[in-house]
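**Q** One structure, as structure tokens, below. Some questions next.
Number of protein chains: 2
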Amino acid sequence: MNPTIELLKSHRSIRKFTDQAVSTEQVREIVSAGQTAATSSNVQAVTVIQVNSSATRDSIAELAGGQAWVSNAGAFLVWCADLKRSGAACARAGGEFEQGMTEHFLIATIDVALAAQNAVIAAESLGLGICYIGGLRNNPAKVTELLQLPEQVYPVFGLCLGYPAQDPEIKPRLSVDAVLMQDAYTDEQQDTHFDDYNERLGHYYQTRTGGTKVSQWTDEMKKLVGKESRPHMRGFLDKQGFKMR
Amino acid sequence: MNPTIELLKSHRSIRKFTDQAVSTEQVREIVSAGQTAATSSNVQAVTVIQVNSSATRDSIAELAGGQAWVSNAGAFLVWCADLKRSGAACARAGGEFEQGMTEHFLIATIDVALAAQNAVIAAESLGLGICYIGGLRNNPAKVTELLQLPEQVYPVFGLCLGYPAQDPEIKPRLSVDAVLMQDAYTDEQQDTHFDDYNERLGHYYQTRTGGTKVSQWTDEMKKLVGKESRPHMRGFLDKQGFKMR
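The listed protein sequences derive, respectively, from chains L and Z. Start counting the first sequence at 1; every next residue gets the next number (the working numbering). Start counting the second sequence at 1001; every next residue gets the next number (the working numbering).
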């Protein structure tokens, strides 16, 4: 294990930050490290909006379900999938933007995630802690309005950056044997993997919460995929120009 | 700039590999480094299929548009978005998997990209070169058949890993000023950014190809978004159980 892999393996979300500022230079360095990630057909469909306005950050913190760290972090970035820029570039070259393709939506969304994860690694290498904020998809229309996002742009997730004021344990993951397969899909050993992971995750929650939170992964998945989740997303994306055809 | 950021900024896709093998231990280390990335609500919707079969690799190389490096790389991984596992976990906890939500599709796809990018950084830190293969979405139904992917699982992209047998230049990106905005979306300076990037990218292509390839970013975007792209994707995803409702 080299220092980079050690850094990757030491990741945990940070939700309490010191007052120490994250400088403009640091944010530029982090975002430009993000840009160096691979990008599908060089589309670079990424726009990052740094939110400085306290009012906007408070609104997003609230609509994300009361995530105070959106307000308190040293910096808060909203990562957007942006096909408007590609469309404008296409027009400059005399073409006409073919809107609404599922494939274009996919490459833009994947581009954003690859770039953001690179940026996260850069931030963590600088001693910062991070927390992704998927919760802004609770009300993406409101976020779109606050940040004045045009059509063909949508907010994928937020990202808090700051100096950690907590040192939480690393959350265990599914066994690598549960996710790495050879030549073909198989889930034959799945129950064994579930048992193993339920036990390890249960232990983690017990240690972390002093025994008050008793939750297993299978329960977490029931909560997550055992009901409708953000049923507004399809309509929101459609309205924003991502027709998924 | 620290060594990690230096590593991130030295990325370029590698498409020629030496014969040196990538070991099973390395692949496990790389995939498990991938697993440490953030995951939405702990869903861990990632399955990685390492393809060892030459016949399967040749088929994917061909359907991806003749990408020989899929066959030749030290290792070839297909990164899949997997909600079947979460659905099974949900059932174990007595729930019923609510299929077809756009939001679940999104979190699974984003999870895969975050994990893959972490894995890529781990691989590059070990001295390996990588190349993402989005081209397997040229015929995702065939890839699904080859890898026996069940419903609620789809192949997002492939990933070649191996020891580099080439040392290409780093491809320039859009200026950080073109992608990083403050508080609200703006594209006022867009034409300036396009001019700047067209020039830098044109220079890169000229240097790399000895003057034979003359292409600008705006032309590339016309080719990419100025026409339909993989129009089969919507139908494929629908059939695979991702209804996008």
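No residue lacks a Cβ here, since even glycine has one placed at the ideal position from N, Cα and C.
(1) Taking the straight line between their C-alpha atoms, what separation do you get for A55(L) and L174(L)?
(2) In whole angstroms, give me the CA-to-CA distance for V1176(Z) and V46(L).
(3) Alpha carbon to alpha carbon, what distance is there between Q216(L) and R1085(Z)?
(4) I'd like to know whether the C-beta of H1011(Z) is nearer than 7 Å to at least one C-beta of chain L.
(5) Counting only beta-carbon atoms, is F17(L) nearer than 7 Å to chain Z?
(6) Flag this pair as touching only if the region 193-203 of chain L and the region 1161-1174 of chain Z have three or more C-beta atom pairs under 8 Å; answer yes or no.
(7) Suppose you measure from the CA of S53(L) to the CA of E98(L); what does that come to, to the nearest Å?
(8) Going by DSSP, what residues sit across from L159(L) in a beta bridge?
(9) How is the beta strand (DSSP E) around T109(L) delimited, first residue to last?
(10) What does D82(L) pair with, by DSSP beta-bridge criteria?
(11) Which two residues bound the contiguous beta strand (DSSP E) that contains L180(L)?
(12) What are the start and end residues of the beta strand (DSSP E) that includes V46(L)?
(13) Kindly list, in the order they appear in chain Z, the residues whose Cβ is closer than 9 Å to that of I133(L).
(14) Between which two residues does the alpha helix (DSSP H) containing R1200(Z) stretch?
(15) Going by beta carbon distance, what residues of the same chain come within less than 8 Å of S1023(Z), once the five residues before and after it are set aside?
(16) My output table needs one value for P1003(Z): the three-state DSSP class, helix, strand or coil.
(17) Taking 7 Å as the threshold (beta carbon to beta carbon), is Q20(L) in contact with chain Z?
(18) For the region 1147-1169 of chain Z, which residues have a CB atom closer than 9 Å to at least one CB atom of chain L, in sequence order?
(19) For S1086(Z), go through chain L and note every residue whose CB falls closer than 8 Å to its CB, in chain order.
(20) Can you give the Cα-Cα distance for K223(L) and A88(L), rounded to whole angstroms?
(21) Step through the CB atoms of chain L and report whether any lies within less than 7 Å of the CB of V1078(Z).
(22) Just to confirm my understanding: we take I1030(Z), look at its own chain, exclude 5 residues before and 5 after, and list those with CB closer than 6 Å. What are they?
(23) Going by C-alpha to C-alpha distance, which of K243(L), G226(L) and M233(L) sits closest to V1043(Z)?
(24) Is there a Cβ of chain L sitting closer than 7 Å to that of G1174(Z), yes or no?
(25) Can you list, in chain order, the residues of its chain whose CB lies under 8 Å from that of V27(L), leaving out five sequence neighbours each side?
(26) Which of helix, strand or coil does DSSP assign to P1164(Z)?
(27) Does any C-beta atom of chain Z lie closer than 7 Å to the C-beta of S71(L)?
(28) Measuring CB to CB, does E1093(Z) end up less than 7 Å from T218(L)?
(29) Mind checking the region 1032-1047 of chain Z against chain L and listing, in chain order, the residues whose C-beta falls within less than 7 Å of any C-beta there?
(30) Restricting to Cα atoms, I'd like to know which of L114(L), G65(L), G66(L) and G127(L) is closest to V156(L).
(31) Shorter than 7 Å from the beta carbon of S23(L) to some beta carbon of chain Z?
(32) Would you say A61(L) and V70(L) are within 7 Å of each other, going by their C-beta atoms?
(33) Would you say G1241(Z) and Q1152(Z) are within 7 Å of each other, going by their C-beta atoms?
(34) Leaving out the 5 sequence neighbours to the left and right, which residues in its chain are closer than 6 Å to L1149(Z) when beta-carbon positions are compared?
(35) Out of A68(L), L7(L) and A37(L), which one is the CA nearest neighbour of K16(L)?
(36) Could you check if S10(L) is buried or exposed, using at least 16 other CB atoms within 10 Å of its CB as the buried criterion?
**A** By the coordinates alone:
(1) 39 Å
(2) 11 Å
(3) 15 Å
(4) yes
(5) no
(6) no
(7) 35 Å
(8) L77(L) and Y132(L)
(9) No beta strand (DSSP E) contains T109(L), which is instead part of the alpha helix (DSSP H) from T102 to S125.
(10) V153(L)
(11) L180 to Q182
(12) First-last of the beta strand (DSSP E) with V46(L): V46 to Q50.
(13) What I133(L) touches in chain Z: nothing, since even the nearest Cβ is about 10 Å away.
(14) Q1190 to T1209
(15) none
(16) helix
(17) no
(18) Listed in sequence order: L1147, Q1148, L1149, P1150, V1153, V1156 and F1157.
(19) M221, L224 and V225
(20) 41 Å
(21) no
(22) A1119, A1122 and A1123
(23) G226(L)
(24) Note that residue 1174(Z) is Leu in the sequence shown, not Gly. Put simply, the CB of L1174(Z) is near chain L, with a gap under 7 Å to one of its CB atoms.
(25) Q50, A75, L77 and L161
(26) strand
(27) no
(28) According to the sequence displayed, residue 1093(Z) carries Ala and not Glu. It is a contact, given that the beta carbons lie within the stated cut-off.
(29) Within the region 1032-1047 of chain Z, the qualifying residues are S1032, A1033, Q1035, T1036, A1037, A1038, S1040, S1041, N1042, V1043, Q1044, V1046 and T1047.
(30) L114(L)
(31) no
(32) yes
(33) yes
(34) none
(35) A68(L)
(36) exposed
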